[in-house]
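Participant: Before I ask anything, let me first share the structure, which is written out below as structure tokens.
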Amino acid sequence: MGFGFEETMSGTWTRDGVERPFSFSVRVRSGPLRHFRKDQVADMEGTVDAGGLASRQPLRGTLLLKPFLGRVIRYEFDFTGDDGRPYSFAGQKDIRWLSPVRTWTQLPGEVRNASGTLVGTAMTHFDMKKDGVTFIRSWKPA
């Protein structure tokens, strides 16, 4: 038995100097705890909205959860844009205990195309006031 939760991050992404909306909602599942304890990586699936690139497109990826000893939470997922081409997102929260609210809720990231070329940069946030209770209630054994 493992655990699961749901999370939404929203903000903006910038492509060619133009700032556009960017958000994703994911369901995270750890798999059996005996495996999760070794690598601290969980599976992630959901949808992504990237203004001008992807409209509620499915995503699949992983979430590295090492907030205490490693002081990092890393999101990596792949999706197909509205243009039919593959893209990936990678973002990382670097946890700093002197700035816990900012470092636990802000996620800078990058969108890249299939060849690894940078398409744009993103800054998303977890809205604790709006989504905090839903997020906490979503944590369940899985």
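Residues in the sequence shown are numbered consecutively from -15, following our numbering.
Glycine included, each C-beta is placed from N, C-alpha and C at the ideal position.
1. Grouping DSSP H, G and I as helix and E and B as strand, with all else coil, what is S122?
2. Spatial neighbours of V32 within its chain, please: C-beta separation below 6 Å, excluding the five flanking residues on both sides.
3. I'd like the list of long-range same chain contacts for R13, defined as Cβ closer than 7 Å, with 5 residues on each side in sequence excluded.
4. Whole-angstrom Cβ separation of R(-1) and G104, contact assumed at under 8 Å?
5. Does the beta carbon of T108 fall short of 6 Å from some heavy atom of the ligand MN?
6. Determine the direct distance from the alpha carbon of T89 to that of S83, and round the result to whole angstroms.
7. In the DSSP output, which residue or residues are listed as bridge partners for I57?
8. Indicate whether at least one CB of chain D lies closer than 7 Å to the CB of T89.
9. If you compare alpha carbons, which of G116, S72 and V56 is closest to G100?
10. What residues match up with A34 in a beta bridge as DSSP calls it?
11. Three-state secondary structure (DSSP) at D62?
12. Rounded to whole angstroms, what's the CA-CA distance from Q24 to M107? Just pull it up for me.
Facilitator: Based on what the coordinates show:
1. S122: helix per DSSP, three-state reduction.
2. Here the set comprises F8, A38, Q41, L43 and F63.
3. The residues G(-14), G(-12), A26, D27 and A126, in chain order, have a CB closer than 7 Å to that of R13 in the same chain once the five nearest residues on each side in sequence are set aside.
4. R(-1) to G104, Cβ: 4 Å. Contact.
5. Looking at this structure, you won't find the ligand MN or any other ligand, since it has none at all.
6. Answer to the nearest angstrom: the Cα atoms are 10 Å apart.
7. Partner(s): L49 and K77.
8. Although the question refers to chain D, the structure presented lacks it and comprises just one protein chain.
9. For the options G116, S72 and V56, the alpha carbon positioned closest to that of G100 is the one of S72.
10. In the DSSP assignment, A34 is bridged to F6 and A38.
11. Here D62 carries a strand assignment [DSSP, helix/strand/coil].
12. If you take the alpha carbons of Q24 and M107, they lie about 24 Å apart.
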